[in-house]
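What follows is one structure encoded as structure tokens, with my remarks underneath.
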Amino acid sequence: MKRTLVGILLLLLTGSSRAQNTYPIWPGHAPGSESWKWQEQIDSTTLPGDPLTYNIVEPALIGYPAAPGTANGTAVIICPGGSFSYLHIRTEGTDVAKWLNKKGVTAFVLKYRVVHSGTSHPQKEKNERAKDTALSRRLLAPLIPLALADGRQALTWLRKHAAEFGIAPNRIGIMGFSAGGALAVASAFSEDPSSHPDFSAPVYAWVPPFLPEMAPKNAPPIFIAAATDDELHLVPMSLDLYRKWLTGGHPAELHIYSKGGHGFGMNRQDQPSDTWIDRFGDWLQIQGFLKRSSEGAGHE
129 MKRTLVGILL LLLTGSSRAQ NTYPIWPGHA PGSESWKWQE QIDSTTLPGD
179 PLTYNIVEPA LIGYPAAPGT ANGTAVIICP GGSFSYLHIR TEGTDVAKWL
229 NKKGVTAFVL KYRVVHSGTS HPQKEKNERA KDTALSRRLL APLIPLALAD
279 GRQALTWLRK HAAEFGIAPN RIGIMGFSAG GALAVASAFS EDPSSHPDFS
329 APVYAWVPPF LPEMAPKNAP PIFIAAATDD ELHLVPMSLD LYRKWLTGGH
379 PAELHIYSKG GHGFGMNRQD QPSDTWIDRF GDWLQIQGFL KRSSEGAGHE
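Using our numbering, the first residue of the sequence shown is number 129, and each one after it goes up by one.
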């Protein structure tokens with residue numbers, strides 16, 4: 129609590145600079161990874177301009193507060209993708225957060241646990257592991273539940289601290305890309321009110337196969353986007369997710385772009401998928417999440 133209050137005081141003092149602060153989401157060591165001894169690292173060379181964050185041991189939220197006077201009380205937790213091996217922290221994280229800030233939305237990029245990398249080239253390691261299906265399954269099987277737990281815990285933590293950030297506790301959503309989309313989808317199935325999002329936005333998401341066949345009765349509004357030419361062939365998962373929400377009579381919007389590939393994120397490719405973030409903004413507006421909330425409207 130003390131650490132959180134100090135972070136918020138810094139946000140207030142920095143004014144227009146709106147410095148980002150990091151907030152651990154678990155009290156003490158994250159359950160299930162207490163024995164992990166490695167250090168979080170960043171690979172800035174593999175994909176110039178798109179740094180990869182890996183070897184995450186301490187799951188945390190990086191805060192991006194909306195500017196005072198424009199904050200509307202809505203918050204979004206953003207879960208970058210990276211095959212559960214690293215996180216595309218900029219194109220599927222901070223760039224999205226800054227775009228949302230312009231809409232008055234307070235954003236938080238989630239650093240969740242990923243598979244341990246033994247070298248400084250996590251993407252190369254991931255590509256090598258992909259050649260050995262048995263090895264990949266052996267490493268991912270225990271890791272995925274930890275990552276999904278981080279998504280739910282992030283919602284629980286933020287809802288508990290909502291007032292400190294000027295956020296309405298009933299206007300906290302979660303979005304994710306690729307592997308991060310699994311966190312956004314799984315959280316939508318949470319039966320615990322504290323970790324149940326008020327809206328969810330999986331983008332070219334990998335959907336865990338062990339989720340229920342039907343959408344939950346309390347399913348939140350959902351925004352789904354992907355591209356037909358997705359190299360990982362994940363579009364059927366998005367279609368099936370939309371079907372579940374449609375069958376259950378829950379609010380849902382689906383965008384399948386003809387071109388864009390997998391991992392388009394905030395990259396501008398002169399492809400139809402470039403406009404997905406604008407459609408997401410339209411959807412937030414229609415759902416009422418861009419209107420100023422009486423419960424939380426940022427710090428003045």
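Glycine included, every Cβ here is placed at the ideal spot set by N, Cα and C.
- Taking the Cα of residue 186 as reference, the smallest distance to any Cα among 212, 240 and 169 is reached at 240.
- Residues of the same chain with a CB within less than 8 angstroms of the CB of residue 357, apart from the 5 flanking positions on each side, are 386, 387, 388 and 389 in chain order.
- The alpha-carbon separation between residue 251 and residue 422 amounts to approximately 45 angstroms.
- In this structure, residue 355 sits near residue 401, with a CB-CB distance shorter than 8 angstroms.
- For residue 413, the three-state secondary structure derived from DSSP is helix.
- For residue 236, the enclosing beta strand (DSSP E) starts and ends at 234-239.
- The DSSP-derived three-state label of residue 328 is strand.
- In the DSSP annotation of this structure, residue 224 is not part of any beta strand (DSSP E); the continuous alpha helix (DSSP H) holding it starts and ends at 223-230.
- Put simply, the backbone Cα of residue 261 is about 19 angstroms away from that of residue 273.
- Between the segment 276-290 and the segment 244-258, the count of C-beta pairs closer than 8 angstroms stays below three; the two stretches do not touch.
- Looking at 152, 183, 166 and 211, the one whose alpha-carbon comes closest to that of residue 333 is 211.
- Between the alpha carbons of residue 157 and residue 189 lies a distance of about 15 angstroms.
- For residue 192, the three-state secondary structure derived from DSSP is strand.
- Taking the CA atoms as reference points, residue 207 sits about 24 angstroms from residue 198.
- Using a Cβ distance threshold of 8 angstroms, residue 300 and residue 330 do not count as a contacting pair.
- For residue 169, the pairing in a beta bridge is given by DSSP as 182.
- CA-CA distance, residue 302 to residue 235, rounds to 10 angstroms.
- One thing to note: residue 315 has its Cβ within 8 angstroms of the Cβ of residue 328.
- Between residue 271 and residue 325, the CB-CB gap reaches or exceeds 8 angstroms.
- The C-beta of residue 255 has fewer than 16 other C-beta atoms within 10 Å across all chains shown, which makes the residue exposed.
- Judged by DSSP in its simplified three-state form, residue 243 adopts coil rather than helix or strand.
- Residue 381 carries a strand assignment under DSSP once its states are collapsed to helix, strand and coil.
- In the displayed model, residue 317 falls within coil according to three-state DSSP, outside both helix and strand.
- Only buried fits residue 218, as 16 or more other CB atoms lie within 10 angstroms of its CB.
- Scanning its chain for C-beta atoms nearer than 8 angstroms, with the 5 sequence neighbours on each side dropped, one finds around residue 320 the residues 280 and 284, in chain order.
- Here residue 216 is bridged, per DSSP, to 180.
- The beta-bridge partner set that DSSP reports for residue 370 is empty.
- The residue among 214, 269 and 154 with its C-alpha nearest the C-alpha of residue 182 is 214.
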